[in-house]
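Per the working numbering, the very first residue in the sequence shown carries number 1; after that it's consecutive.
Each residue gets a CB set at the ideal place from its N, CA and C atoms; glycine is no exception.
For reference, the structure is listed below as structure tokens.
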Amino acid sequence: MFTGIVQGMAQVVECQGLGSNKRLQIQFPESSMQSQQLGASVSINGVCLTVVAVQADLISFDVIDTTLTLTNLGLLAAGSIINFERAAKMGDEVGGHIMSGHIMCCLTVSQIRTQEDSHRLRFSIIESSASEGVLAANHPMSYLFNKGYVGLNGSSLTICDIGDNWIEVSLIPETLRLTTFGALKVDDNVNLEIDSHTQATVDTVERILQQKGLV
């Protein structure tokens, strides 16, 4: 379990192919991985990965082919910078929202603009499954709402504007300092996680409406 409060940035040192999978070796900031253990979970760009090797703050993770295809971890190379968060402990303050590290899909950066002290990013669905204005079942936009929260590259953020196939977030300087969002460029991919409670609520309401013949 994670809170969506990114603890900092780390650098990929090596990407080693393991058949169709990949091993990532990541250098974390000094002492940020203190007492880290084999088998522990760490959020890397929002993806929950398992620690497979520990050398002080140099940590390795194995990533399966499905995750490489579904997320932007497949695009990582030596030198890439990522967001990270260690797994939450019982009793920790939840400053963002509960996140599982299970990514739904990737969004792409379609617009970047600055308004006074606010940095606004617009993200679009890479491959929309909307047809004739009607969203298909399980389409990501079905679970996104204006002023709702969303997980992007592991960061818990509030949606400040929304369209048919895009969302916008507004970032303060502190978020830009702690995360990779300040370095994003148009056409970059970000990982999207939808809150599981939101998914369950939307799916339940849609099922009930279908049973009543209202949709």
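- By the Cβ criterion, the region 9-16 is in contact with the region 76-87, since at least three pairs of Cβ atoms, one from each stretch, lie closer than 8 Å.
- With a beta-carbon spacing of about 17 Å, D164 and V109 fall beyond the 8 Å limit used to define contacts.
- Boundaries of the alpha helix (DSSP H) harbouring S196: S196 to Q211, taken from the DSSP string.
- For the pair Q199 and Y143, the Cα-to-Cα distance works out to about 6 Å.
- Ranked by Cα distance from E14, the options I26, I5 and N21 are led by I26.
- When the five nearest sequence neighbours on each side are left out, the beta carbons in the same chain lying within less than 8 Å of the beta carbon of M99 are those of M1, F2, T3, G4, S43, G46, G151, G154, S156, E193 and D195, in order along the chain.
- When beta bridges are read from the DSSP output, F2 appears opposite M99.
- Secondary structure at M90: coil, using DSSP grouped into helix, strand and coil.
- When DSSP states are grouped into helix, strand and coil, M33 belongs to the coil group.
- Inter-residue distance for E206 and V54 is about 45 Å (C-alpha atoms, whole angstroms).
- The residues P140, L192, E193 and I194, in chain order, have a CB closer than 7 Å to that of M104 in the same chain once the five nearest residues on each side in sequence are set aside.
- Rounded to the nearest angstrom, the gap between the Cα atoms of N146 and I172 is 18 Å.
- Looking at P29, G19 and G17, the one whose alpha-carbon comes closest to that of L178 is P29.
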